[in-house]
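Have a look at the structure below before the remarks.
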Amino acid sequence: MTSSAAPTATDSLWITTCVWFMSAVVRIVEQTMTTTEDTQPETDPSALLETLSPSRAGDFKVCPQLFKFKAIDRIEVPPTVYQARGTTAHLALQWLFDLSAEKRTPETLYELFRKAWVDLRDEEYPELFDNTADEREWGLESLKVLANYFLIEDPTQLEPLDRELDMTEDLGEMTIRGILDRMEEEPDGLVITDYKTGKAPPEQYAIPAFFALKIYALLIRKRIGRTPVRLKLMYLNGPTVYQIPVTDAQLDATQRKLEALWAAINRAIVANDFPPRPGKLCGWCSFQDRCPAFADKPDDVAAAS
Ligand code: SF4
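Using the working numbering, the letters of the sequence shown map in sequence onto residues -4 to 300.
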């Protein structure tokens, strides 16, 4: 049997003090939890996008991890013979239109290609070839690709308005930056042209390549207030030309897509979340050996991708 005595005044004061103390502790704990849950870590504003190029926008669309390797980590990869051919051919074609129309012959273009290669080789591609025989073979193959140019266009009948044009424009919150290959005035309006020295993909796979050209058309519309009428992809290794008409409505849609991409990239930067998206491109991706999507795959599986 237990017995209990009636509480004294001292006991009541002790109990009241304990209740007040426990309430205060609960309030402090609640406040601490609220503060911890509601406060996000501050994002360094300098980490967010400042500019975006059409090619990096395309990278993010295809594979966010690829975008990270190139644009965030800025990992340098050794140049390839294909890149060297593309850069040198672009320079030679740019110079071709510095000359008067009657001088724009295949022989002149070959000579300009050789000159462009001499200018670029030591600076940008010093270790591309192991020996002069390989370099010569590459050069001859490149001239064959350039010869195709004259099968799809007569440069004596053309006076481009601009070549290798540096395009940097603000579109709303975004700043878009890139180099436009060529723009010409044709009877029905402005045409934006992009040279490719690689092989043309089947027509249905060429559509994504027009995304970058639509962005350039958007930048031209912003800069000079005219909407190009056509976008043209010239694949010299084939050769093949793909063209599509372009309208204001398409360019408005392109701007909305670009805004969505810009926002998605910034969200990825804040969350540091750039998921790999394995696909057909992986077989040509220079970053496969460090890509998380291939981390656990045996070499023969990775090679087959
Ligand atoms: S290997 Fe494939 S998944 Fe990985 S970064 Fe390259 S394209 Fe993306």
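Here a beta-carbon is modelled for each residue, glycine too, at the ideal position from N, C-alpha and C.
Would the stretch 218 to 233 and the stretch 253 to 270 be scored as touching if the rule is three or more Cβ pairs under 8 Å? no
Terminal residues of the continuous alpha helix (DSSP H) containing P196? Boundaries cannot be given for P196, as no alpha helix (DSSP H) includes it and DSSP labels it neither H nor E.
Who are the near neighbours of T163 in its chain, counting only those whose CB is closer than 6 Å to its CB and skipping five residues on each side? Hits under 6 Å: R172.
Could you give the DSSP three-state label for Y211: helix, strand or coil? helix
So, at 8 Å on beta carbons, what are the nonlocal neighbours of G193 in its own chain, with the 5 sequence-adjacent residues on each side left out? Y77, G81, Y230 and N232
Which listed residue (I174, L213 and T83) has its alpha carbon closest to that of T249: A check of alpha carbon separations from T249 across I174, L213 and T83 identifies L213 as the nearest.
Any heavy atom of ligand 1 inside 6 Å of the beta-carbon of F55? No, the Cβ of F55 stays beyond 6 Å of every heavy atom of ligand 1.
Would you kindly check if the distance between the Cβ of V57 and the Cβ of S303 is under 7 Å? Since the displayed the chain opens at -4 and closes at 300, residue 303 lies outside it and no answer follows.
Limits of the unbroken alpha helix (DSSP H) element including R262: D243 to A266
N232 in three-state terms, based on DSSP: strand
For the stretch 107 to 176, list the beta strand (DSSP E) runs that are entirely contained and at least 3 residues long, ordered along the chain. 157 to 166
Does DSSP put L303 in a helix, a strand or coil? Residue 303 cannot be examined here, being either before or after the span of the chain that is shown, -4 to 300.
Taking only the alpha-carbon atoms, compute the straight-line gap between A128 and G134 and give it to the nearest angstrom. 10 Å
Should A84 and T151 be called a contact, given that it needs their Cβ atoms to be closer than 7 Å? no
For ligand 1, which residues count as neighbours when the test is a C-beta closer than 7 Å to any heavy atom? Result: V57, C58, Q60, L61, F64, P271, R272, P273, G274, L276, C277, C280, F282, Q283, C286, A288 and F289.
Roughly how far, in whole angstroms, is the beta-carbon of V265 from the beta-carbon of K227, given that I think they are within contact range, below 8 Å? Not quite, the Cβ-Cβ distance comes to about 38 Å (not below 8 Å), so this is no contact.
Could you work out which residue in D176, N143, F108 and V236 is closest to A207 when comparing CA atoms only? For the residues D176, N143, F108 and V236, the minimum Cα distance to A207 belongs to D176.
Unbroken alpha helix (DSSP H) run spanning S55, endpoints: Here residue 55 turns out to be Phe, not Ser, going by the sequence shown. Start and end: P49 to V57.
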